[in-house]
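Engineer:
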Amino acid sequence: MIVNPSTFAAWLQEAMQLPADDGRRQIIRIGSDRDFGLLARHISRQRRTQPMLGRIQPLRLIRAISCPVLPEGKLASAPFISSVETDSRVKLHVGAGGASSGKGRSLEGAVIPWGIRHIRAPQAWTKSKGDQIRIGVIDTGVDYAHPDLRHCLSRGFNVLNRQLLPYDDNGHGTHIAGTIAAYARQKGIIGVAPQALIHPVKAFDHQGGAFVSDIIAGIEWCVSNGIDIINMSFGMKTYSKALEAAVLTAHRAGLIIVASSGNEGKQAEIDYPARFRQVIAVGATTRRGRIASFSNAGKGIDIYAPGEKIYSTWLRGKYNELSGTSMATSHVSGVVALMLAKRPGLKPLRVKALLKRHARFIVSSGKKIGGIKELHALRAVAAVSKSAKR
Numbered sequence: 001m002i003v004n005p006s007t008f009a010a011w012l013q014e015a016m017q018l019p020a021d022d023g024r025r026q027i028i029r030i031g032s033d034r035d036f037g038l039l040a041r042h043i044s045r046q047r048r049t050q051p052m053l054g055r056i057q058p059l060r061l062i063r064a065i066s067c068p069v070l071p072e073g074k075l076a077s078a079p080f081i082s083s084v085e086t087d088s089r090v091k092l093h094v095g096a097g098g099a100s101s102g103k104g105r106s107l108e109g110a111v112i113p114w115g116i117r118h119i120r121a122p123q124a125w126t127k128s129k130g131d132q133i134r135i136g137v138i139d140t141g142v143d144y145a146h147p148d149l150r151h152c153l154s155r156g157f158n159v160l161n162r163q164l165l166p167y168d169d170n171g172h173g174t175h176i177a178g179t180i181a182a183y184a185r186q187k188g189i190i191g192v193a194p195q196a197l198i199h200p201v202k203a204f205d206h207q208g209g210a211f212v213s214d215i216i217a218g219i220e221w222c223v224s225n226g227i228d229i230i231n232m233s234f235g236m237k238t239y240s241k242a243l244e245a246a247v248l249t250a251h252r253a254g255l256i257i258v259a260s261s262g263n264e265g266k267q268a269e270i271d272y273p274a275r276f277r278q279v280i281a282v283g284a285t286t287r288r289g290r291i292a293s294f295s296n297a298g299k300g301i302d303i304y305a306p307g308e309k310i311y312s313t314w315l316r317g318k319y320n321e322l323s324g325t326s327m328a329t330s331h332v333s334g335v336v337a338l339m340l341a342k343r344p345g346l347k348p349l350r351v352k353a354l355l356k357r358h359a360r361f362i363v364s365s366g367k368k369i370g371g372i373k374e375l376h377a378l379r380a381v382a383a384v385s386k387s388a389k390r
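Taking UniProt numbering, the leading residue of the sequence shown gets 1, the next gets one more, and so forth.
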């Protein structure tokens, strides 16, 4: 019987000696700070002599550990364990893409992609360019050598290998970072908030997959390092109590979380974490300002933004055109950075309310579609500017 964290830690050591697991993991939450502290310290002390304990990932933000699936009977006998859940897999929200030669209107020789022009971001730059606002992009990492991103990249975190920088081996994270904050004078692209700072958090592998625990570890890093905004261009269908706890903790700390709704074209269901109330849920629109056919839709979505054929930065200094609610989400994160630079300290729910109130209605056949609105950077920043003067 497991009666306290010490006996649990000893049992964990034995369990980790078993043959390699089948890839399934679980998240075990501990009921109190004291018990979690005891367990975490024991695991940390024993890792040098018990390298198999490296398969256990502490999640201090929610008083939990992630580890390979363990026998249920043993866990049920531990009174200090508050919950056990599957450590589910999460996927990126991206659709079709392909190499592109670049499309958009130029400014000083650089390209402003259509989506950034569509939301009126260039008109907002006289008021704000997102100066020094810190954005954590929990994704596949970033291409540190890309010329359009060198100015904006700041300290990041590699959840998958903490000894390495969060280098992008997929491309998705680099694409997201470019839409948010790219800047080029002569050749390249300009993002929504060209003076914001990107803090890349690599939680996804080269195939674009991650565990919920990896996302939680990324959120924990963002909370601990004073990040202002978290961009989450990914999702899953299943509810996770652990993920909700992490999102709620970040929200209470004042971080603004922006998440994509999913690409299944569903009318009444969106993915987690976008479904959580504390998150700004984003759907995608087309060049014509209509809801994209691939975008999830419905009352759960707070705002829509460009997500069709979005041109942005890619690996090895290149560029790529992708579609998805992932791309829409990066536009919203950029606008939030513009708002925060103009008025620091805005609370998350206030930011969501301002974005929605000052968005434009989506029109179909000359009629407004009830309550459905698309991102408008100029109006949102202007609204913040007015309130800041009062």
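Using N, Cα and C, we set each Cβ at its ideal position, and we do this for glycine too.
Could you check which residue in Arg24, Leu39, Asp169 and Ile28 has the C-alpha nearest to that of Pro5?
Structural biologist: The residue with the shortest Cα to Cα distance from Pro5 is Leu39.
Engineer: Quick one: what's got a C-beta closer than 6 Å to Arg379's C-beta in the same chain, skipping five residues either side?
Structural biologist: His358.
Engineer: Can the beta-carbon of Ala259 be found closer than 8 Å to that of Ala281?
Structural biologist: Yes, these two residues count as a Cβ contact at 8 Å.
Engineer: Alpha carbon to alpha carbon, how far is Ala284 from Val94? Give it in angstroms, no decimals.
Structural biologist: If you take the alpha carbons of Val94 and Ala284, they lie about 11 Å apart.
Engineer: In three-state DSSP terms, what is Lys299?
Structural biologist: If DSSP states are grouped into helix, strand and coil, Lys299 belongs with coil.
Engineer: Quick one: residues in its chain with C-beta nearer than 7 Å to the C-beta of Ile30, no 5 flanking neighbours on either side, listed in chain order?
Structural biologist: The answer, listed in chain order, is Phe36, Leu39, Arg63, Ala64, Phe80, Ile81 and Ser82.
Engineer: Quick check: what's the CA-CA separation for Asn296 versus Ile303?
Structural biologist: So the two alpha carbons sit approximately 12 Å from each other.
Engineer: To the nearest angstrom, how far is the alpha carbon of His151 from that of Lys342?
Structural biologist: Their backbone Cα atoms lie some 20 Å apart in a straight line.
Engineer: Taking the alpha carbon of Arg275 as the reference point, which residue from Asn263, Gly300 and Pro68 has its own alpha carbon closest?
Structural biologist: Comparing Cα positions, the closest option is Gly300.
Engineer: Helix, strand or coil for Met52 per DSSP?
Structural biologist: Looking at Met52 - three-state DSSP - the assignment turns out to be helix.
Engineer: Can you tell me whether Gly23 is buried or exposed, with buried defined as 16 or more other CB within 10 angstroms of its CB?
Structural biologist: That one is exposed.
Engineer: Measure the alpha-carbon distance for Lys352 versus Thr286 and round it to whole angstroms.
Structural biologist: Each residue's alpha carbon lies about 22 Å from the other.
Engineer: In or out: Gln186 buried (at least 16 other Cβ within 10 Å) or exposed?
Structural biologist: With fewer than 16 other Cβ atoms within 10 Å, it is exposed.
Engineer: Using the beta-carbon count (16 or more within 10 Å), is Tyr239 buried or exposed?
Structural biologist: Exposed.
Engineer: Where does Lys67 sit, in a helix, a strand or coil, going by DSSP?
Structural biologist: A small fix is needed here, since residue 67 is Cys in this sequence, not Lys. Cys67: strand per DSSP, three-state reduction.
Engineer: Give me the residue from Ile27, Arg60, Asp228 and Ser44 with the minimum Cα distance to Asp33.
Structural biologist: The residue with the shortest Cα to Cα distance from Asp33 is Arg60.
Engineer: Need the endpoints of the alpha helix (DSSP H) that Ile215 sits in, please.
Structural biologist: Looking at the DSSP string, the run of the alpha helix (DSSP H) that includes Ile215 is Val212 to Ser224.
Engineer: Taking the continuous beta strand (DSSP E) assigned at Met232, which residues delimit it?
Structural biologist: Met232 -> beta strand (DSSP E) spans Ile229 to Met232.
Engineer: Whose CA, out of Gly130, Arg360, Thr313 and Val279, lies closest to the CA of Lys347?
Structural biologist: Residue Val279 is the option with its Cα nearest to Lys347.
Engineer: With 16 as the cutoff for other CB atoms within 10 Å, does Leu322 come out buried or exposed?
Structural biologist: Buried, since its Cβ has 16 or more Cβ neighbours within 10 Å.
Engineer: For Asp214, which of Val90, Lys309 and Phe294 has the nearest alpha-carbon?
Structural biologist: Among Val90, Lys309 and Phe294, the Cα nearest to that of Asp214 belongs to Val90.
Engineer: Can you have a look at Leu349 and say buried or exposed, based on whether 16 or more other CB atoms are within 10 angstroms of its CB?
Structural biologist: By the neighbour-count rule (16 or more Cβ atoms within 10 Å), Leu349 is not buried but exposed.
Engineer: Could you check the C-alpha separation between Ile310 and Asp168 for me, to the nearest Å?
Structural biologist: Rounded to the nearest angstrom, the two C-alpha atoms are 19 Å apart.
Engineer: Among Ser88, Trp11 and Cys67, which has the Cα closest to the Cα of Ala78?
Structural biologist: Of the candidates Ser88, Trp11 and Cys67, the one whose C-alpha sits nearest the C-alpha of Ala78 is Trp11.
Engineer: Is the beta carbon of Asp87 closer than 8 Å to that of Gln26?
Structural biologist: Against a cut-off of 8 Å, the Cβ pair of Asp87 and Gln26 comes out as a contact.
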